[in-house]
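Colleague: Just passing along the structure, written as structure tokens.
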Amino acid sequence: MDISLRTHAMTQARPAPLRYSRTWDTGVTSIGDARDAVASLLSRARPALARRSVQDAQLVVSELVTNAAKHAPGPCALCLEVLPDGLRITVTDTSAETPRRRPPDPGRVGGHGLHLVAMISRDLEVTRLPRGKRVTVTVPLTDGGSGPAVRKP
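Residue numbers (the UniProt record's numbering): 1 to 153.
Laid out in structure tokens, this is it:
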């Protein structure tokens, strides 16, 4: 009896996606920690990302986490995921209030963060949850040569 033997070429394992998540119990967190998490995660992307992309992502996460810490009384969470076309940033908090852009006022201190987030990122989405909301955006990423980001650890 002949037994057919099949061989399969070894396929290269797909690298694990670059992700980060953290939850804060009190709703108050160090914005610096959130910015550092973005820089640390993006430092593992290959090819290396353009400095401007990292700074844009840090600014967006600062604004979103600041809003959660400022307006939500309870826990909040930050999730970051490097995608082929950008960094997905998700902030979850306990406030039922939907973020809204305030009318531009150059004389006002504060209240400009959501305008910045909308200018830098795309796909701004707010999802109401039974106890709060989830805000998700995607910040475009480019490598040092201005090409699209590749997510290899």
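A virtual CB, placed ideally from N, CA and C, is assigned to each residue, including glycine.
Which class does valine 52 belong to by DSSP, given the choice of helix, strand or coil?
Modeller: Note on residue identity: the sequence assigns arginine, not valine, to residue 52. Looking at arginine 52 - three-state DSSP - the assignment turns out to be helix.
Colleague: Consult DSSP for threonine 66 and reduce its assignment to one of helix, strand or coil.
Modeller: Three-state result, threonine 66: helix.
Colleague: Bridge partners of serine 21, per DSSP?
Modeller: Partner(s): Cys79.
Colleague: For the alpha helix (DSSP H) holding aspartate 36, just list the boundary residues, first then last.
Modeller: Residues 31 to 42.
Colleague: With distance defined between alpha-carbon atoms, name the residue in Ser95, Ser21, Ala68 and Ala57 nearest to arginine 122.
Modeller: Here the closest residue by C-alpha is Ala57.
Colleague: Which term fits glutamate 125, buried or exposed, when burial requires 16 or more other beta carbons within 10 angstroms of its beta carbon?
Modeller: Label assigned to glutamate 125: exposed.
Colleague: Proline 104 to alanine 118, Cα distance in whole Å?
Modeller: Approximately 13 Å, taken between the alpha carbons.
Colleague: Let me know the secondary structure DSSP gives valine 109 once reduced to three states.
Modeller: Of the three classes helix, strand and coil, the one that applies to valine 109 here is coil, per DSSP.
Colleague: Leucine 123 lies in the beta strand (DSSP E); which residues open and close that run?
Modeller: Inspection of the sequence shows that residue 123 is occupied by aspartate rather than by leucine. Taken as a continuous stretch (DSSP letters only), the beta strand (DSSP E) holding aspartate 123 covers 122 to 129.
Colleague: For a test of the three-state rule: what should DSSP assign to leucine 141, helix, strand or coil?
Modeller: Here leucine 141 sits in coil by DSSP.
Colleague: Alpha carbon to alpha carbon, how far is threonine 94 from arginine 131? Give it in angstroms, no decimals.
Modeller: Arginine 131 and threonine 94: Cα-Cα distance of roughly 6 Å.
Colleague: I think leucine 87 touches threonine 127, with their Cβ atoms under 8 Å apart; what is that distance to the nearest whole Å?
Modeller: Not quite, the Cβ-Cβ distance comes to about 18 Å (not below 8 Å), so this is no contact.
Colleague: Please report the straight-line C-alpha distance between residue 214 and isoleucine 31, rounded to a whole angstrom.
Modeller: No answer is possible for residue 214: the residues shown for the chain start at 1 and end at 153.
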